[in-house]
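Here the structure comes first, spelled out in structure tokens, and everything after it is commentary.
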């Protein structure tokens, strides 16, 4: 068991190392996070104030925590839908991946998770610090939410990689998957709670969002980290995340198997 | 007119090539429509919670959203492809453009026209029409003139943003995300009621990148509202000046960028 997991551990570390070399890109990402963050502060703070200081349980401090945590996760949770795996299917190098003594799905998800984890260092943590220092926010004072939040965040990042893997597998049947990728980008960001926390959605839209894996990628980890959801409810959210991860992993496994038989690589 | 023949030929071939992957083209159209719809939903969800935001009701913000979105979508259709410049630079593809007897910028623009983006314009158009219909507007010749002037200038402003971002890519390798913050962040800003901005945001997205001129200021003037500090309604008539300013900045960055470029790839 140990020996068979070792390659994935190495892939995870390779992903971290790969991402750590793009320093200027990370700085650019941080500028983007902060700029969008200040725009979100302007419009969402105005909304809280217009609602008389409390909007479905969000006061200014809680809203600020939501804004800067979500901005911080922007570089780590894959909400754009692009992946190396999609490129590898398109240019045919996936044929080589199938020859390796590794599970193709697990290998690409692990590598993606590695890159995402590194992004927390130059983009995630600084975004939260900028928000905390410049705007101020309310965060939990006990260690519990941070511990469970870290677990939930790791699951969320993995779910993101698993969903994007699913999007990429469409490439086994379609020549060009850019349209699908853009559709994913639009829908996932909105339903994951990137622009507006899903607690502010009207009832039917909230139900719709909860029926998708997207809130598990970003909203649930933020709810737990910011202490908005605690105790049994927080454990419930984590359980829901694990359920999604299992379902998505299985779907990806089945689609990979079906796609492998369908795969046609041209040229030589 | 013979000068334009090569561009027409190139554009026609781009359009044919996009329609050849039929399944993807259909999904492209749906995604593009969804982009517009979800962006509207982002605004709507806020107004679902509160009656008015920054002095605007949802009916009023529809007009801001519509004007800015039509201008942005059309600019994206024509100039959005400038986003691919970093890929071209890294792959050494840009050198090929230098060899052809056409201006670099024109080649870059015509290197792809994304038809799918038309579906998104539709959402903006519906919002403009709805915004004009549901609000109480004192119609006059100047209202019509202002609408036309702001749509044309808004298109020019967003187009300039794409060119500015492309110019900056020449010396910011891997910096696309930074410029995206202002191009796409600008679009997000343009659909907000600018009265909620603090002073630094007013400087950045009100004037330096003149986003407030694309939807917010014209809407103030059309609806006869006074406007907040630093952004009085009469500024709506200065929208063409904002477009000139945006293009001056875009061309400056583009020129510096093109001069700076030493060739890439091998």
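Residue numbers (my numbering), protein chains in the order written: chain A, 4 to 271; chain B, 5 to 270. The beta-carbon is built from N, C-alpha and C at its ideal position, and this holds for glycine as well.
Closer than 7 Å, CB to CB, is residue i near chain B or not?
i              : result
residue 50(A)  : yes
residue 64(A)  : no
residue 19(A)  : no
residue 240(A) : no
residue 182(A) : yes
residue 193(A) : yes
residue 3(A)   : With chain A covering only 4 through 271, there is no way to say anything about residue 3(A).
residue 125(A) : no
residue 38(A)  : yes
residue 42(A)  : yes
residue 88(A)  : no
residue 196(A) : no
residue 268(A) : no
residue 95(A)  : no
residue 31(A)  : yes
residue 260(A) : no
residue 186(A) : yes
residue 205(A) : yes
residue 189(A) : yes
Please classify residue i: is it buried, with 16 or more other beta-carbons within 10 angstroms of its beta-carbon, or exposed?
i              : result
residue 46(A)  : buried
residue 222(B) : buried
residue 228(A) : buried
residue 121(A) : buried
residue 36(A)  : buried
residue 220(B) : buried
residue 115(A) : buried
When the cut-off is 7 Å and only beta carbons count, does residue i lie next to chain A?
i              : result
residue 102(B) : no
residue 185(B) : yes
residue 32(B)  : yes
residue 27(B)  : yes
residue 84(B)  : no
residue 189(B) : yes
residue 154(B) : no
residue 24(B)  : no
residue 35(B)  : yes
Using only the alpha-carbon positions, how far apart do residue i and residue j sit?
i              : j              : result
residue 242(A) : residue 155(A) : 9 Å
residue 164(A) : residue 266(A) : 22 Å
residue 157(A) : residue 233(A) : 18 Å
residue 271(A) : residue 203(B) : Its pLDDT being 49, under 50, residue 271(A) is placed unreliably by the model, and nothing is read from it.
residue 270(B) : residue 98(B)  : Here the model assigns residue 270(B) a pLDDT of 46, short of 50, so the residue's position is not dependable, and the following value carries that caveat. Taking the straight line joining both Cα atoms gives about 11 Å.
residue 78(B)  : residue 148(A) : 46 Å
residue 2(B)   : residue 240(B) : Because chain B spans 5 through 270 in this model, residue 2(B) falls outside it and cannot be assessed.
residue 109(B) : residue 252(B) : 15 Å
residue 131(A) : residue 106(B) : 47 Å
residue 65(B)  : residue 196(B) : 8 Å
residue 235(A) : residue 167(A) : 30 Å
residue 28(A)  : residue 124(A) : 13 Å
residue 228(B) : residue 145(B) : 15 Å
residue 187(B) : residue 169(B) : 7 Å
residue 206(A) : residue 194(A) : 13 Å
residue 190(A) : residue 7(B)   : 43 Å
residue 92(A)  : residue 179(A) : 10 Å
residue 173(B) : residue 246(A) : 42 Å
residue 175(B) : residue 53(B)  : 44 Å
residue 119(A) : residue 151(B) : 45 Å
residue 151(A) : residue 75(A)  : 18 Å
residue 233(B) : residue 183(B) : 28 Å
In the DSSP assignment, find the unbroken alpha helix (DSSP H) run with residue i in it and report its ends.
i              : result
residue 201(A) : Here residue 201(A) belongs to no alpha helix (DSSP H), and DSSP marks it neither H nor E.
residue 255(B) : 243-264
residue 246(A) : 234-265
residue 208(A) : 206-213
residue 61(A)  : Where residue 61(A) is concerned, there is no enclosing alpha helix (DSSP H), given that its DSSP letter is neither H nor E.
residue 147(A) : 147-172
residue 36(A)  : 26-53
residue 119(A) : 107-122
residue 181(B) : 180-194
residue 173(B) : 145-173
residue 106(B) : Looking at the DSSP string, residue 106(B) is not in any alpha helix (DSSP H), and its letter there is neither H nor E.
residue 93(A)  : 87-94
residue 223(B) : 220-227
residue 121(B) : Premise fails: residue 121(B) is in no alpha helix (DSSP H) and is neither H nor E.
Could you run through the region 193-215 of chain B and flag, in chain order, every residue whose CB is less than 7 Å away from some CB of chain A? Taking 7 Å as the upper bound on Cβ-Cβ separation, chain A lies near residues 193, 196, 200, 201, 202 and 205 of the region 193-215 of chain B.
Pull out every residue of the region 140-153 of chain A whose Cβ sits closer than 9 Å to any Cβ of chain B, in chain order. Contact residues of the region 140-153 of chain A toward chain B are absent (C-beta to C-beta distance below 9 Å).
When you check each C-beta in the region 157-180 of chain A against every C-beta of chain B, which residues fall closer than 9 Å? Taking 9 Å as the Cβ-Cβ cut-off against chain B, the residues of the region 157-180 of chain A that qualify are 176, 177, 178, 179 and 180.
What residues from the region 40-53 of chain B come within 7 Å of chain A, judged by C-beta to C-beta, listed N to C? Residues passing the 7 Å Cβ filter: 42, 45, 46, 49, 50, 52 and 53.
Of all the residues that make up the region 248-268 of chain B, which are near chain A by a beta-carbon distance shorter than 9 Å? Cβ contacts with chain A come from no residue of the region 248-268 of chain B.
Could you name the residues of the region 52-77 of chain B whose beta carbon sits closer than 7 Å to any beta carbon of chain A, in the order they occur along the chain? For the region 52-77 of chain B, residues whose beta-carbon sits nearer than 7 Å to a beta-carbon of chain A comprise 52, 53, 54, 56, 57 and 58.
Using a Cβ-Cβ cut-off of less than 9 Å, list which residues of the region 157-173 of chain B approach chain A; keep chain order. Those residues of the region 157-173 of chain B that come within reach of chain A (Cβ to Cβ, closer than 9 Å) do not exist; the list is empty.
Chain A contacts made by the region 216-236 of chain B, where a contact means CB separation under 8 Å: For the region 216-236 of chain B, which is checked against every Cβ of chain A, not one residue is closer than 8 Å.
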